Amino acid sequence: MGQVRASMRAIAAHVPDPATVLTRTNELLVTMGTARFASCTILHLDPRDGRVTGASAGHVPVLYARKDGSHSIRELPGGPVLGVVPGTEYREETFTLDEDSALVLVTDGVVEGPGLTLDAGLERAGTLAGGALHDGLNAEETADRILDAAVAVDHLDDVAVLVIRRT
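When the letters of the sequence shown are read in order and numbered with the numbering used here, they come out as residues 1103 to 1269.
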């Protein structure tokens, strides 16, 4: 993962759009000829106007939580996990992150488990995120609320949460 992360950072320093970063990272991993692959979501956020451009390489959908307590699940365009399919051209989309809203990115260990399907886990995490914003919690407290719920159901996979708030 360290090599994948370093490769993506190097590419992103010279390429502004998420889809191209994923496409070039995929080609690099494929040409390395090793059994390295990774899922990934990449976002470019303009903090001034909330404009978000994002793409996914086989990663868990993004949660969009609002201060009124509601949430939605955003399935970003993209393609397969990185490092597997040569010649993949990833796609991206642009949307706006409204004020008093948050994007929540999670690993599969947060939303999937022995007794929890991906859809149910995403719904649960989205509900927790929307509730946290409604309750006035900051980004760290929102992430903690989601992580505490994941730990409570004994998830076995990696567990990570990133909350991006626009205030």
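Ideal placement from N, C-alpha and C gives every residue a C-beta, glycine not left out.
Because the structure is a prediction, the values reported are computed rather than measured.
For G1160, the CB contacts under 7 Å within the same chain, skipping 5 residues up- and downstream, are S1141, P1182, V1183 in chain order.
Around the beta carbon of T1198, fewer than 16 other beta carbons sit within 10 angstroms, so the residue counts as exposed. Distance from the Cα of G1104 is smallest, within the candidate group D1119, A1114, T1125, R1138, for R1138. Scanning D1250, R1268, T1269 for the CA closest to the CA of A1262 turns up D1250. 9 Å or more divides the Cβ of G1185 from the Cβ of R1193.
In terms of Cβ geometry, A1204 and A1167 form a close pair [threshold 9 Å]. Judged by DSSP in its simplified three-state form, V1212 adopts helix.
Per DSSP, A1252 is one residue of the alpha helix (DSSP H) stretching across 1241 to 1254. For the segment 1115 to 1183, the continuous beta strand (DSSP E) assignments of 3+ residues that do not extend past its boundaries occur at 1142 to 1147, 1153 to 1159, 1164 to 1168, 1173 to 1176, in sequence order. Each residue's CA atom was taken as its position, placing H1236 and G1156 some 25 Å apart. C-alpha of P1120 to C-alpha of R1153: approximately 13 Å in a straight line.
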